[in-house]
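Scroll down for the structure; my scribbles are underneath it.
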Amino acid sequence: MVVDTSVPSSRFTTDCEVCCRPFEVTAECEPGEILSLDVQPG
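Remember, the numbering used here sits 1 above the position in the sequence shown when you count from 1.
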């Protein structure tokens, strides 16, 4: 998984590479740094 740190806030859904179940990722960033990362079942 890659998080674009040039975007202040992003939310996306992706599938687990192991079990193929979806999960939702929310990231808060500053340029070059991830401030917070939250992962919830999707």
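The beta-carbon is built from N, C-alpha and C at its ideal position, and this holds for glycine as well.
Practice task
Could you name the residues that DSSP lists as bridge partners for threonine 44?
Solution key: The chain is shown only over 2 to 43; residue 44 falls outside these bounds and no answer can be derived.
Practice task
Return the bridge partner residues of glutamate 18 from the DSSP annotation.
Solution key: Position 17 of the sequence shown holds residue 18. Answer is none; glutamate 18 lacks a bridge partner.
Exercise for the section: Would you kindly check if the distance between the Cβ of aspartate 39 and the Cβ of alanine 28 is under 9 Å? Expected result: Within the sequence shown, numbered from 1, the residue matching residue 28 stands at position 27. Within the sequence shown, numbered from 1, the residue matching residue 39 stands at position 38. Yes; because the gap between Cβ atoms is below 9 Å, this pair is in contact.
Practice task
Could you check the C-alpha separation between aspartate 5 and phenylalanine 24 for me, to the nearest Å?
Solution key: The residue given as residue 5 occupies position 4 in the sequence shown. The residue given as residue 24 occupies position 23 in the sequence shown. Roughly 18 Å between the two C-alpha positions.
Practice task
Taking only the alpha-carbon atoms, compute the straight-line gap between serine 7 and leucine 36 and give it to the nearest angstrom.
Solution key: As a position in the sequence shown, residue 7 is number 6, starting the count at 1. As a position in the sequence shown, residue 36 is number 35, starting the count at 1. Using only the alpha carbons, I get a separation of about 12 Å.
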